[in-house]
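The numbers in numbering that gives the first Met the number 0 rise by one with no breaks, and the one at position 57 of the sequence shown is 56. Glycine included, each C-beta is placed from N, C-alpha and C at the ideal position. Please read these numbers as outputs of a predicted model, since none were measured by experiment.
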Amino acid sequence: MRLLTIGIGKKGASISDMLHAKGARVNKVNLFKTYAVCGESSQLGSLKLPADNRFLAWQDDPEAARSILTAIFSKHEFYEAFMIVSHIDDEYGFDLTVKIGEELMSLSDDPVINLLLIPPLDTISDYHELRKRLKIISNSSKFVLLFEEKDGYQEMILNSLNMLSLVGEIDLKKKIAGEVVVDTSDVFNSFMKGLSAIGYAEEPVNRSFLERVSFLRRFAKKEDHAKKTEKMVNIMKKAINDNLSARCDISSAKTALLLFGGDPEDITMDGMFTSLQMIDKVVSGVELRYGDYPVPHSKYLKAMVLFSGMSGLKF
């Protein structure tokens with residue numbers, strides 16, 4: 000999934016810069032087409048983005064949004080959706096996010112995803128203002144994906160977005176497909192109006208001697224299948240219970256997209272189906288999609304779930 004990514008304001012630009020440096024690549028091509036917009040030249044100067052991917056814009060310039068997008072579109076890059084990254088408390092970022100989002104919605108039919116950074120919910124004093132701003136942002140984009148500024152949130156953004164962006168991508172070198180193939184349309188169909196949040200977790204894989212030697216793998220004990228299934232379920236539980244990007248009311252989710260990534264030997268259909276059943280119990284009647292992205296010889300097993308269409312936060 001190719002995302003034209005525009006980071007607005009100091010923190011939004013920082014995330015865009017991170018995706019430029021460390022974003023997932025397929026066939027040596029970065030899946031994130033990254034840009035930054037700031038109101039101060041010093042903020043732009045600290046970025047590693049190419050100079051012509053950085054824009055200095057004044058908050059009160061009525062032509063800023065259109066001028067920036069005209070310059071970006073002139074590059075004729077291939078993308079499948081737009082992603083705007085900003086912080087809800089940054090006045091500059093908030094204002095330009097709304098203007099650029101509205102401009103994109105009027106110029107293109109491609110989805111506009113707003114990755115919105117918010118303070119930790121237990122530090123917020125004015126809930127009314129937060130809800131008001133969320134509503135404004137929601138009206139200027141198609142989907143809103145929330146990340147609280149908790150410890151390690153930048154790494155979680157990088158890991159979860161890299162995993163999500165790899166959906167539907169074909170690496171010509173690997174020539175391998177997952178147990179259940181998902182494509183970009185599955186991702187877009189999993190996003191719904193309302194609030195979205197991602198759960199993510201990963202754990203290292205410890206292999207037995209028989210598993211490490213490829214021609215001896217068939218002699219590994221049958222119990223290994225059950226252990227792998229259990230490991231998948233436990234990692235997914237961790238993603239849901241301990242590592243959501245934002246504390247949303249997942250019981251109100253309308254859709255969920257479940258993904259596993261890792262060595263094909265570590266991913267079982269039983270693990271996927273058991274995880275699906277677990278999510279269905281937590282969110283009754285949710286519309287479920289699922290799949291996996293194979294990474295041969297990976298030393299980690301990763302699990303991610305996208306909940307979308309949620310109606311509120313859990314303060």
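Task: Pairwise C-alpha distance: residue 286 and residue 355 - done: Outside the shown range of the chain, which is 0 to 314, sits residue 355, and nothing can be said about it.
Task: Neighbourhood of residue 5 by C-beta, 6 Å cutoff - its chain only, sequence neighbours within 5 removed - done: On the sequence shown, residue 5 is found 6 positions in, with the first residue counted as 1. Cβ within range, chain order: 34, 83.
Open item on the list: Can you confirm whether the segment 103-120 touches the segment 26-33 when touching is taken to mean that 3 or more C-beta pairs between the two stretches lie within less than 8 Å?
Closed with: no
Task: C-alpha gap between residue 10 and residue 277, whole angstroms - done: Numbered from its first residue, the sequence shown carries residue 10 at position 11. Numbered from its first residue, the sequence shown carries residue 277 at position 278. Rounded to the nearest angstrom, the two C-alpha atoms are 35 Å apart.
Task: Extent of the continuous beta strand (DSSP E) run through residue 291 - done: By 1-based counting over the sequence shown, the position of residue 291 is 292. Per DSSP, residue 291 belongs to the beta strand (DSSP E) from 286-293.
TODO: Give me the Cβ distance between residue 36 and residue 67, rounded to the nearest whole Å; I'm assuming they're in contact under 8 Å.
DONE: Residue 36 sits at position 37 when you count from the first residue of the sequence shown. Residue 67 sits at position 68 when you count from the first residue of the sequence shown. That belief holds up - the Cβ atoms of residue 36 and residue 67 are roughly 6 Å apart, short of 8 Å.
Task: Option in 76, 71, 65, 70 with minimal Cα separation from residue 97 - done: As a working mapping, residue 97 is identified with position 98 in the sequence shown. Among 76, 71, 65, 70, the Cα nearest to that of residue 97 is on 65.
Open item on the list: So residue 256 and residue 186 are supposed to be a Cβ contact under 8 Å. How far apart are they, rounded?
Closed with: Numbered from 1 along the sequence shown, position 257 holds the residue referred to as residue 256. Numbered from 1 along the sequence shown, position 187 holds the residue referred to as residue 186. Contact flag correct, Cβ pair sits at about 7 Å.
Open item on the list: Only counting the same chain, and skipping five residues up and downstream in sequence, which positions put a Cβ closer than 6 Å to that of residue 200?
Closed with: Within the sequence shown, residue 200 is the residue found at index 201, counting from 1. 234, 237, 238, 242, 302, listed in sequence order.
Task: Identity of the residues DSSP links to residue 303 by a beta bridge - done: For the purposes of this step, residue 303 is identified with residue 304 of the sequence shown, where counting begins at 1. Answer is 199, 258, bridged to residue 303.
- [ ] Could you name the residues that DSSP lists as bridge partners for residue 86?
- [x] Translated into the one-based positions of the sequence shown, residue 86 becomes position 87. Answer is 116.
Open item on the list: Closest to residue 247 by C-alpha separation, out of 117, 311, 77, would be which residue?
Closed with: Working through the sequence shown from its first residue, we reach residue 247 at position 248. Considering only alpha carbons, the answer is 311.
TODO: Give the single residue among 32, 106, 48, 88 whose Cα lies nearest to the Cα of residue 76.
DONE: Position 77 of the sequence shown, counted from the start, is the residue given in the question as residue 76. It is 32.
Open item on the list: Between the alpha carbons of residue 251 and residue 40, how many angstroms are there, rounded?
Closed with: Along the sequence shown, one-based indexing puts residue 251 at 252. Along the sequence shown, one-based indexing puts residue 40 at 41. Cα to Cα, residue 251 sits roughly 42 Å from residue 40.
Task: Cross-strand partners of residue 34 (DSSP beta bridge) - done: Position 35 of the sequence shown, counted from the first residue, corresponds to residue 34. Answer by DSSP bridge pairing, in chain order: 5.
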